[in-house]
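Peer 1: I have a structure here, written as structure tokens, and I will follow up with some questions on it.
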Amino acid sequence: MQTLPNSPWHLVHNLIFNSYILHADFSFKRTSESLQKVLVTFGFLCALPLLALVYCVLRLESRGNPIYKQQRIGLHGREFTTYKFRSMYIPSDPRFIDVSTLQSDREGICKKLKKDPRITPIGRFIRKYSIDELPQLWNIVKGDMVLVGPRPALPEEVAQYNELAKKRLSVMPGLTGLWQISGRADTSFEEQINLDLRYIQKKSLLSDLIIIFHTPATVLSARGAY
230 MQTLPNSPWH
240 LVHNLIFNSY
250 ILHADFSFKR
260 TSESLQKVLV
270 TFGFLCALPL
280 LALVYCVLRL
290 ESRGNPIYKQ
300 QRIGLHGREF
310 TTYKFRSMYI
320 PSDPRFIDVS
330 TLQSDREGIC
340 KKLKKDPRIT
350 PIGRFIRKYS
360 IDELPQLWNI
370 VKGDMVLVGP
380 RPALPEEVAQ
390 YNELAKKRLS
400 VMPGLTGLWQ
410 ISGRADTSFE
420 EQINLDLRYI
430 QKKSLLSDLI
440 IIFHTPATVL
450 SARGAY
């Protein structure tokens, strides 16, 4: 993904990758994970009322469990269960539509439809503002994920990885990350891999803090969210 020279995203990328401060030794792994654990625990407690509200609304809107479980691939290829709010009609719902013949709006391994007819009205809203991913805070508490890192991949995606893409599995997957604040679904799979590898190469405590700081603005802008 190309960023404009004076765009906020260009400035964020420069700050993350070009500042000499980022290469200092902060005992990164231990300090970052401890800080993220504190932030996530606090955030999870603060988000409980919202989580309960969304759960109840989804329960009333359509059939099925409001919590959607899915297998993802994490650190060193370990498979784990992620939790999200269900944003689609379940197959047994009469409003469910088969999309197998529709053309994807995103090229590459990861397929996406900008106007997916399987998504419920409330589901479209919670996807737009990434509310559907809030249950993954529990994955962080469990130790499956961290706050900042590459997006956790699907098993069928990993099965098609080349050797370069497999380097994404050398770190813990995250709820937010450089790809997530750089366009999300508006970026191609190849661009996502490049962003993740740049993050892994230059990761530091400060780069994580910068990404965390810019995440709320990205979420509110709904850029690349569908």
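Using our numbering, you'd call the opening residue of the sequence shown number 230 and step up by one each time. We put the CB at the ideal spot given by N, CA and C, even for glycine. Computed from a predicted model, the values in this text were never measured in an experiment.
1) Classify T310: buried if its beta carbon has 16 or more other beta carbons within 10 angstroms, exposed otherwise.
2) Give every residue of the same chain whose Cβ lies closer than 7 Å to the Cβ of K396, excluding the five residues on either side of it in the sequence, and list them in chain order.
3) Could you give the first and the last residue of the continuous alpha helix (DSSP H) run that contains V400?
4) Excluding the 5 residues preceding and the 5 following Q365 in the sequence, name in chain order all residues of the same chain whose CB lies nearer than 8 Å to its CB.
5) Can you check the region 343-421 for any alpha helix (DSSP H) of at least 4 residues that lies completely inside it and give the ranges in chain order?
6) With a CB to CB cut of under 7 Å and the five nearest residues on each side skipped, what residues in its chain are close to A276?
7) Is the beta carbon of P379 less than 9 Å from the beta carbon of R301?
8) Can you find the residues in the same chain that come closer than 7 Å, C-beta to C-beta, to S291, ignoring five residues on each side of it along the sequence?
9) So, helix, strand or coil for I296, using DSSP?
10) Looking only at DSSP bridge pairs, what is K313 linked to?
11) Can you tell me which of P320, Y284, P402 puts its alpha carbon nearest to the alpha carbon of R307?
12) May I have the straight-line CA-CA distance separating K280 from A382, to the nearest angstrom?
13) Could you work out which residue in H443, N423, D361 is closest to Q299 when comparing CA atoms only?
14) Which whole-angstrom value is the C-beta distance of V370 and T270, which I expect to be below 8 Å?
15) Who are the near neighbours of N294 in its chain, counting only those whose CB is closer than 7 Å to its CB and skipping five residues on each side?
16) Are the CB atoms of S359 and V448 within a distance shorter than 9 Å?
17) Quick one, which of Y390, Q409, T416, V286 has its alpha-carbon nearest I355's?
Peer 2: For this structure:
1) Along the sequence shown, one-based indexing puts residue 310 at 81. Exposed, since its Cβ has fewer than 16 Cβ neighbours within 10 Å.
2) The residue you call residue 396 lines up with position 167 of the sequence shown. Same-chain partners within the cutoff: L426, I429.
3) Here residue 400 corresponds to residue number 171 of the sequence shown, with the count starting at 1. It is not in any alpha helix (DSSP H) - V400 carries neither H nor E in the DSSP assignment.
4) As a position in the sequence shown, residue 365 is number 136, starting the count at 1. Closer than 8 Å at Cβ, skipping near neighbours: T311, Y312, K313, M374, L404.
5) 350-357, 365-371, 384-387
6) Translated into positions along the sequence shown, residue 276 becomes position 47. Cβ neighbours of A276 beyond the five flanking positions: L363, L366.
7) Position 150 of the sequence shown holds residue 379. Position 72 of the sequence shown holds residue 301. No, these two residues do not count as a Cβ contact at 9 Å.
8) Here the question's residue 291 lines up with position 62 in the sequence shown. Correct list, in chain order: Y318, D322, T349.
9) On the sequence shown, position 67 is the one that residue 296 refers to. Residue state, collapsed to three classes: strand.
10) In the sequence shown, residue 313 corresponds to position 84, counting from 1. Partner(s): Y297.
11) If you number the sequence shown from 1, residue 307 lands on position 78. Of the candidates P320, Y284, P402, the one whose C-alpha sits nearest the C-alpha of R307 is P402.
12) Against the sequence shown, residue 280 aligns to sequence position 51. Against the sequence shown, residue 382 aligns to sequence position 153. It is worth fixing the name first, because residue 280 is Leu in this sequence and not Lys. Cα to Cα, the separation comes out at about 24 Å.
13) Position 70 of the sequence shown, counted from the start, is the residue given in the question as residue 299. Selected option, being the one with the closest Cα: D361.
14) Your numbering for residue 370 matches position 141 in the sequence shown. Your numbering for residue 270 matches position 41 in the sequence shown. About 7 Å separates the two Cβ atoms, so the contact holds.
15) Against the sequence shown, residue 294 aligns to sequence position 65. Excluding residues within five positions, the ones whose Cβ falls inside 7 Å are R315.
16) Residue numbering aside, residue 448 sits at position 219 when the sequence shown is read from its first letter. Residue numbering aside, residue 359 sits at position 130 when the sequence shown is read from its first letter. Cβ atoms of V448 and S359: closer than 9 Å.
17) One-based indexing of the sequence shown puts residue 355 at position 126. Ranking Y390, Q409, T416, V286 by Cα distance to I355 puts V286 first.
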